[in-house]
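Worksheet: one structure, shown below.
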Amino acid sequence: PAMAGIPAADGALWGSKRRHRNKADYVRIHRDRLEKVAQLTLNRVLNGRPPDPFEALLHELSDYTEAGILFSNLRVHVLNSDSISCEVLADIRGACLSIQSVHLSKEDLAQGLSEGCGDDIDVCKLCASLQSCLTGVIEGVEIQRFAALHESLCSAFSTYTAALHIHNVIGHLLLSSVGCLSDSSMTDVVRKTLATNGINSAPPLTCREDLGVWQHQLPEVLLPALHGGTPSRRLLVGATLWAATLSDAAAVAGVAALPVDMIAYHSRDVALAQTHADISREDPDEVPLPEPDQLCPPLNSVTLVARFLQAMSAEVASKGSCIPGPEDFMAALE
Numbered sequence: 023p024a025m026a027g028i029p030a031a032d033g034a035l036w037g038s039k040r041r042h043r044n045k046a047d048y049v050r051i052h053r054d055r056l057e058k059v060a061q062l063t064l065n066r067v068l069n070g071r072p073p074d075p076f077e078a079l080l081h082e083l084s085d086y087t088e089a090g091i092l093f094s095n096l097r098v099h100v101l102n103s104d105s106i107s108c109e110v111l112a113d114i115r116g117a118c119l120s121i122q123s124v125h126l127s128k129e130d131l132a133q134g135l136s137e138g139c140g141d142d143i144d145v146c147k148l149c150a151s152l153q154s155c156l157t158g159v160i161e162g163v164e165i166q167r168f169a170a171l172h173e174s175l176c177s178a179f180s181t182y183t184a185a186l187h188i189h190n191v192i193g194h195l196l197l198s199s200v201g202c203l204s205d206s207s208m209t210d211v212v213r214k215t216l217a218t219n220g221i222n223s224a225p226p227l228t229c230r231e232d233l234g235v236w237q238h239q240l241p242e243v244l245l246p247a248l249h250g251g252t253p254s255r256r257l258l259v260g261a262t263l264w265a266a267t268l269s270d271a272a273a274v275a276g277v278a279a280l281p282v283d284m285i286a287y288h289s290r291d292v293a294l295a296q297t298h299a300d301i302s303r304e305d306p307d308e309v310p311l312p313e314p315d316q317l318c319p320p321l322n323s324v325t326l327v328a329r330f331l332q333a334m335s336a337e338v339a340s341k342g343s344c345i346p347g348p349e350d351f352m353a354a355l356e
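Residue numbers for the sequence shown follow the working numbering, so the first one is 23 and each next one is one higher.
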């Protein structure tokens, strides 16, 4: 029947336009991912040359099937007077299952949640605080939506500036759970997801020497400072993540650098203070090799470098947002 006040012909035309618009929206949302996944899985089958290519193609496509597998919640409960357990729950086709769990010490929780630390602190209170922080954070999030998981965790711990360790532990737990649900290792799941989005990832570190090579292959951060005559003509300021180790970077950012291994970092300070060693005067052949944590920039290096470059960009653009003269880059730097 025709809608009230609308002739049947006009109603049919309106319905046709709506269906066309819905189809166009669906294509816009899913087309790129469908094409990437289809091409990637087909290439894997052709490279592997299995006896039954269609069965192999179905198996490859199953890695990207997310329908019916959603995270449900993070459940926290007390293990004993010194620790609690945090477990990941997932909704798998209507069934709520516990996937994996991790133990957190009372000391780490007290420090991360800024509750103070002492023997008299109530572990049940810490458990309730963490549960309140994590309730509903991952509810309904698809298992391979890493960006959504990251944003949810950042939001949950936004008011706890000292909770970086807990944040990292929960993040690792979620990635490990994704690997378990995908019947694969955590590293393989991340690499496959990145490959689906057209991002190639390097192989994992396997030995100490890999760190020495990787310290020079970390990404750089670039921020635009001045623009030229066309959108492609810009002056940018940039730095590697190692700029986070500069004292000026920490001063500008207003945040202290967080070493990868805090224990090793403080142990070196203690040893240096006790021996009063002056490495600059030692025989180069006797200088000890850097420890693994010294080959990695600080944990919050991206934040430090971004704020540092933001201040540099503002300084460069303080006299104008355009490159001076006929795009004189040297004059802009002066």
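Every residue, glycine too, gets a C-beta built ideally from N, C-alpha and C. Note that this is a predicted model, so its numbers are computed, not measured.
### Query
Which residue from Leu-326, Pro-320, Pro-246 puts its Cα closest to that of Lys-338?
Rather than Lys, the amino acid found at residue 338 in this sequence is Val. The shortest C-alpha separation from Val-338 is found at Pro-246.
### Task
Just the C-alpha distance for Ser-302 and Gly-260, rounded to the nearest angstrom, thanks.
With a pLDDT of only 49 at Ser-302, under the threshold of 50, the placement of this residue in the model should not be trusted, and no figure is reported.
### Task
Round the Cβ separation of Leu-111 and Ser-123 to the nearest angstrom and send it over; I've been treating them as touching at under 8 Å.
About 10 Å separates the two Cβ atoms, so there is no contact after all.
### Task
Ignore the nearest five residues each way along the sequence and tell me which others in Ala-185's own chain have a CB closer than 7 Å to its CB.
Gly-134, Leu-135, Phe-179
### Task
Flag this pair as touching only if the segment 320 to 334 and the segment 277 to 289 have three or more C-beta atom pairs under 8 Å; answer yes or no.
yes
### Message
Would Ala-272 and Leu-326 be called neighbours here (beta carbons separated by less than 8 Å)?
### Response
yes
### Query
Can we say the segment 160 to 174 touches the segment 199 to 217, given the rule of at least three CB pairs closer than 8 Å?
yes
### Query
Nearest-angstrom Cα distance between Arg-43 and Leu-80?
31 Å
### Task
Work out the CA separation of Glu-242 and Ser-116 for me, nearest whole Å.
Checking the sequence, you will find Gly at residue 116 rather than Ser. Whole-angstrom Cα-Cα distance: 44 Å.
### Message
Once DSSP output is grouped into helix, strand and coil, what is the label at Gly-260?
### Response
strand
### Task
Whole angstroms is fine: what's the gap from Met-399's alpha carbon to Gly-201's?
This structure gives no information on residue 399, because the portion of the chain shown stretches from 23 to 356.
### Task
Return yes when the Cβ of Ser-127 is within less than 8 Å of the Cβ of Ser-154, no when it is not.
no
### Task
Check each candidate in Leu-294, Gly-220, Asp-144, Leu-148 and name the one with the smallest Cα separation from Asp-188.
The sequence given here has Ile at residue 188, not Asp. Comparing Cα positions, the closest option is Leu-148.
### Query
With burial defined as no fewer than 16 other Cβ atoms inside 10 Å of the residue's Cβ, what is the status of Ile-285: buried or exposed?
exposed
### Task
Would you list the residues sitting across from Asn-102 in a DSSP beta bridge?
Ser-105
#### Entry: Complete alpha helix (DSSP H) runs within the segment 207 to 254 (minimum length 4 residues, chain order)
208 to 218, 230 to 236
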